[in-house]
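Reviewing the structure listed below.
Number of protein chains: 2
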Amino acid sequence: MKVTDLQTPALLVDAAALEHNLATMAAALPGPRLRPHVKAHKTTELARRQAAYGHRAFTCATIREVEGMVAAGLSDDLLLANEVLDARRLGALADRARITVAVDSPETVEAAAAGGLREVLVDVDVGLPRCGCAPGDAGRIADLARSKGLEVRGVMGYEGHLMLVADAGQRRTMTADCMALLSRAAADVGGEVVSAGGTGTYADNTVATEIQAGSYALMDTAYGAVGLPFRPALSVLGTVISASPPSSAVQPPWVVADVGLKSLGMDHGNPTVPGATVWFCSDEHVTFAPDEPRSVKVGDRVRVLPAHVDPTVALHAALHLVDGDTVVETWPVDLRGW
Amino acid sequence: MKVTDLQTPALLVDAAALEHNLATMAAALPGPRLRPHVKAHKTTELARRQAAYGHRAFTCATIREVEGMVAAGLSDDLLLANEVLDARRLGALADRARITVAVDSPETVEAAAAGGLREVLVDVDVGLPRCGCAPGDAGRIADLARSKGLEVRGVMGYEGHLMLVADAGQRRTMTADCMALLSRAAADVGGEVVSAGGTGTYADNTVATEIQAGSYALMDTAYGAVGLPFRPALSVLGTVISASPPSSAVQPPWVVADVGLKSLGMDHGNPTVPGATVWFCSDEHVTFAPDEPRSVKVGDRVRVLPAHVDPTVALHAALHLVDGDTVVETWPVDLRGW
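Protein sequence lines correspond, in order, to chains A and B. Remember, the working numbering sits 267 above the position in the first sequence when you count from 1. Remember, the working numbering sits 267 above the position in the second sequence when you count from 1.
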């Protein structure tokens, strides 16, 4: 099948860029040093490629992601790196998969035990105002978990506020400061796992025993400023459906493609169209002005680069792996929803 | 079923607010004066309620929406108010439904004819830089369509740039200016239909024979500034999964709920949490500071109001119609995708 045969909008993944990204990361963080985060692609076929590169343990953000990974047989070691107050759906899988959940409070410990889970990590606040207990409370949370019969594998802490720090030296220093907090908590908690990091700090974080990077596989344009060795692999294919009337009072000439804010993650702002300036997105449209007026015609195909990969993928039912103009494979985005 | 029994995040629609909105609009624009836009809710069960209020003709933004409406039997008169370059999937439904498509160029006329469609509207640029031919070209496009054997039902033109003009007098004047352009095109094109308007201008647009409003049913918070008689009906239910450590250097105290940018349309910015200040959203989290510190506890449920309704709905597989704490009905969001 050719790319031009696809119904638009359609999610495209450049096969060569994906392969480059997976190989580059596997060389830097081989096997269990990387616990790929599936939230970035929500696609078990892509996770299967990551497993083929030697990473058999995965990170998930939702219960649905854990369930889908188990259904796909990628169940060696699944971490739900998130807090849940109702763990019953996870507990129901405990005989078929190794599932570990993050806890950061008495309530989440209680939920893990009540839901029938066996293993937890203590989630520690290392500076991002989101989940995680105070570093000084981690030992107490671990003791509580053990008192409920849970195995405590160690700690996790996500330095998410550092992912886009552009200066490498500053990023490394700040990461070290965050990880000093996590190390202190790890000493109190015990266990072997120190899980942390992401695509932005994968090379800086030398404390974590495993890095939870996800974006590296498909790559956000925003990471371009950080100087990482990964390539943008994701785009949304659109068809140009309209061109501005020559008589329009609004100039320069613009065109409209059928890729809108229902097929693009918009939290990081407008997408990019190479060779053009994007004006705005509507539900099913992007209006943009080509640098070369009238160079883009009705019926042309365009590749739109979303500003944020993760939520873009979540809007599509399938992604198409492409090599130039050829569709190599089509994979269901099967980990959507909750 | 109770709201507290729902897995979170979950999309909630307040049944009373929805009923109020549908009744208010049906009183203002009875029967065929309104052609409800299904892109705002993507839910055939909700469209069925609109049909029960007397609106039997609908507006769609995607081929998938048209297909789903036909499958649901809501096929009396479906307008795809958008340009397509491949109309074959629509043409395949032509024996089961009345389907009209927008055209604004020789290419889109050709696609409509080649795809097996029978009826079109000429889409006219009335000032929003998106689709539509120049008003002075509409007659020529209509002639071309007729020469291809297509029935030309009239014109459409969307004054989308005026929807959020807050001053009612100014909005009315600007709407009249746009509709003067559309009227001139309508005179050249012929046919009976002048389709235009939206929730923001439904009471101002006195030229259109039918108004394409969609947002009125569930209502965006952004429309609050425009002084419309419709009520916000949509929220995303979340569970508070974490609270900030008392010792945190970041103050005031914050909490985290499991409603993030994968369950919220983010193009209009952050959501609102009543009684709190939202700091930021991550993929599966919203971090917010309650006005009353420590008033919100881990395990509490919260209702998060998205800034933009349409793309929020597109992220969910189902919506739950609720009356207070009771789930009255659960409807599949069955018009998603393309």
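Each residue gets a CB set at the ideal place from its N, CA and C atoms; glycine is no exception.
Item	Value
Segment limits, beta strand (DSSP E) that includes residue 462 (chain B)	460-463
Residue 446 (chain A) burial status per 10 Å Cβ neighbour count (16 or more: buried)	buried
C-beta atoms of residue 332 (chain A) and residue 602 (chain A) nearer than 8 Å	yes
Residues of the region 275-309 of chain A whose Cβ lies closer than 7 Å to any Cβ of chain B, in chain order	276, 306
Rounded separation between residue 344 (chain A) and residue 330 (chain A) - CA only	14 Å
Same chain, Cβ closer than 6 Å to residue 598 (chain B), five either side skipped, listed in chain order	310, 312, 586
Contacting residues, own chain, Cβ-Cβ under 6 Å from residue 469 (chain A) (five flanking each side not counted)	478, 480
Interface residues of chain A facing residue 546 (chain B) [CB-CB closer than 8 Å]	396
8 Å Cβ cut-off: residues of chain A touching residue 328 (chain B)	550, 551
Minimum length 4: unbroken alpha helix (DSSP H) runs contained in the region 311-397 of chain A	311-319, 330-338, 355-358, 373-381
Beta-carbon gap between residue 304 (chain B) and residue 326 (chain B) smaller than 8 Å	yes
Beta-carbon separation (whole angstroms), residue 557 (chain B) vs residue 563 (chain B), contact threshold 8 Å	5 Å
Per DSSP, cross-strand counterpart(s) of residue 558 (chain B)	Residue 558 (chain B) pairs with nothing; no bridge assigned.
The region 438-458 of chain A touching the region 392-411 of chain A, judged by at least three CB pairs closer than 8 Å	yes
Neighbour list for residue 560 (chain B) in chain A, Cβ cutoff strictly below 8 Å	Correct list: empty, because the minimum Cβ distance to chain A is about 14 Å.
Under 8 Å by beta carbon: chain B residues contacting residue 511 (chain A)	392, 396
Contact set for residue 559 (chain B): own chain, Cβ-Cβ below 8 Å, skip 5 residues either direction	542
Per-residue contacts from residue 582 (chain A) into chain B (C-beta, under 8 Å)	581, 582
Burial state of residue 393 (chain B), where buried means 16 or more other Cβ atoms lie within 10 Å	buried
Residues near residue 492 (chain B) by beta carbon distance below 8 Å, same chain, minus five either side	431, 433
The region 524-537 of chain A touching the region 353-371 of chain B, judged by at least three CB pairs closer than 8 Å	no
Residue 390 (chain B) vs residue 383 (chain B) beta-carbon contact at 8 Å	no
Chain D within 8 Å of residue 466 (chain B), Cβ atoms only	Any reference to chain D falls outside this structure, whose protein chains are A and B.
Beta-carbon neighbours of residue 350 (chain A), restricted to chain B and to distances below 7 Å	508, 509
Residue(s) in a DSSP beta bridge with residue 587 (chain A)	A:279, A:597
Residue 426 (chain A), DSSP secondary structure in three states	coil
Neighbourhood of residue 289 (chain A) by C-beta distance below 7 Å, restricted to the same chain and skipping five residues each side	316, 317, 320, 484
Helix, strand or coil at residue 552 (chain B) [DSSP, three-state]	coil
Whole-angstrom distance between residue 397 (chain B) and residue 512 (chain A), CA atom to CA atom	10 Å
CB contact check: residue 528 (chain A) to chain B, cutoff 8 Å	yes
Distance between beta carbons of residue 276 (chain B) and residue 525 (chain B), contact taken as under 8 Å	6 Å
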